[in-house]
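Asks:
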Amino acid sequence: MEKLTESRLKTLIEEHVRNLARMEQSNEDVLVHSTDVPGGYTVPPHHHRRTQFLCVFSGVVLVATDRGRWMIPPGHALLIPRGLEHSVEMYSDVSMRSVYIYSPEGRAAAREPVVLEVTDLARQLIAEALRKGAVAEDRVRGELVMALLLDEIGRLQERRLGLPFPASGRLAGLCRDFVAQPSPAAKIDDWARRLNMSRRTFTRFFRQEMGVSFVTWRQQACLFACLPRLAAGEPVTRVALDAGYESVPAFTTMFRRMLGAAPRAYLTSREAA
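Read the sequence shown against numbering that gives the first Met the number 0 and you will find it ends at 272, with the numbers running on by one and no gaps.
Laid out in structure tokens, this is it:
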């Protein structure tokens with residue numbers, strides 16, 4: 000994919016503005032859009048009047064809102080509720096497809112973002128919906144494809160790839176520092192001490208602020224830092240050691256628990272799909 004030059008960046012911004020305006024003015028119940036974007040580009044904060052199903056075919060994407068951050072690796076999608084302001088950062092060259100759903104039913108009625116694992120059927124239906132002239136050739140077939148796609152989206156499995164993130168305050172500073180340099184050895188007592196809290200008070204405070212335990216958040220943050228490097232082809236051993244794991248098996252165990260497969264097997268299956 001071409002590099003992100005100044006002229007390319009200007010073109011991407013102009014295309015985003017045009018596409019957003021066109022989509023917001025459309026009366027179609029379901030819209031499908033295809034995008035190939037170079038790494039380093041960030042779609043500025045915006046929102047839609049439709050629920051967005053953002054599906055990543057290749058590359059790694061980070062979606063940020065005031066409610067948290069969501070890492071989207073290949074073969075996954077993020078369901079973004081209508082009206083929720085968000086930005087989209089490309090951690091690498093990205094090929095993604097978006098399905099915009101107007102009807103407030105089923106998964107489209109979601110009020111919180113959720114990461115979903117995309118099936119082969121969903122990918123094929125999106126590809127068919129994007130095929131040039133597919134709807135124009137046969138309106139009935141096009142409607143059936145869209146109906147089946149919406150049904151399949153409603154059946155997709157959730158994955159824990161969301162990272163809650165406080166908007167401000169001292170806790171936000173600690174979280175930002177950790178994401179920049181994650182370590183599975185980070186301890187509750189150290190964070191509690193830096194916030195001048197007892198261990199018990201900090202544990203309760205963290206869960207109230209983040210919605211998950213400190214240990215769960217720490218694991219998710221470590222995975223966030225590792226996914227782009229793994230997707231870029233870096234050796235698992237190097238990534239695991241840089242992330243602070245004492246051994247590759249320990250890292251693999253964490254990865255398998257979060258994503259259901261060992262790192263290399265997981266990414267290989269996603270690239271093949």
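Ideal Cβ positions, reconstructed from N, Cα and C, are used throughout, including at glycine.
Do valine 93 and valine 139 have their beta-carbon atoms positioned less than 7 Å apart in this structure?
Replies: Taking 7 Å as the Cβ cut-off, valine 139 and valine 93 do not qualify as a contacting pair.
Asks: Could you tell me whether the stretch 114-125 touches the stretch 152-161, using the rule of 3 or more Cβ pairs below 8 Å?
Replies: The stretch 114-125 is in contact with the stretch 152-161.
Asks: Given a threshold of 16 other Cβ atoms within 10 Å of its Cβ, counted over all protein chains shown, does isoleucine 125 qualify as buried or as exposed?
Replies: Classification for isoleucine 125: buried.
Asks: Ignore the nearest five residues each way along the sequence and tell me which others in arginine 198's own chain have a CB closer than 7 Å to its CB.
Replies: Hits under 7 Å: Ile187, Asp188 and Ala191.
Asks: Determine the contact status of alanine 76 and cysteine 54, defining contact as a CB-CB distance below 7 Å.
Replies: Yes, the pair counts as a contact, with Cβ atoms nearer than the cut-off.
Asks: Of the residues Leu143, Arg68, Asp137 and Ala146, which one's Cα is nearest the Cα of glutamate 273?
Replies: Absent from the model: residue 273. The displayed extent of the chain is 0 to 272, so no value can be given.
Asks: Would you report the Cα separation of phenylalanine 164 and glutamate 5, rounded to the nearest angstrom?
Replies: If I take the Cα positions, the gap works out to 31 Å.
Asks: Taking the straight line between their C-alpha atoms, what separation do you get for histidine 45 and alanine 230?
Replies: Near 27 Å, if we compare the C-alpha coordinates of alanine 230 and histidine 45.
Asks: Do arginine 96 and serine 33 have their beta-carbon atoms positioned less than 7 Å apart in this structure?
Replies: Taking 7 Å as the Cβ cut-off, serine 33 and arginine 96 qualify as a contacting pair.
Asks: Give the secondary structure of threonine 118 by DSSP, where H, G and I count as helix, E and B as strand, and everything else as coil.
Replies: Threonine 118: coil per DSSP, three-state reduction.
Asks: Does DSSP put phenylalanine 250 in a helix, a strand or coil?
Replies: Phenylalanine 250 falls in the helix class under three-state DSSP.
Asks: Should proline 80 and threonine 50 be called a contact, given that it needs their Cβ atoms to be closer than 7 Å?
Replies: Yes.
Asks: Just to confirm my understanding: we take glutamate 23, look at its own chain, exclude 5 residues before and 5 after, and list those with CB closer than 8 Å. What are they?
Replies: Around glutamate 23: His47 and Arg48.
Asks: On the DSSP letters alone, give me the boundaries of the alpha helix (DSSP H) that phenylalanine 204 sits inside.
Replies: Here the alpha helix (DSSP H) through phenylalanine 204 covers 198-209.
Asks: Return yes when the Cβ of tyrosine 99 is within less than 7 Å of the Cβ of aspartate 28, no when it is not.
Replies: The answer is no: Cβ separation not under 7 Å.
Asks: For the alpha helix (DSSP H) containing valine 214, name the first residue and the last one.
Replies: It spans 213-230 - the alpha helix (DSSP H) in which valine 214 sits, taken as one unbroken run.
Asks: Consult DSSP for glycine 58 and reduce its assignment to one of helix, strand or coil.
Replies: DSSP places glycine 58 in coil when its eight states are reduced to three.
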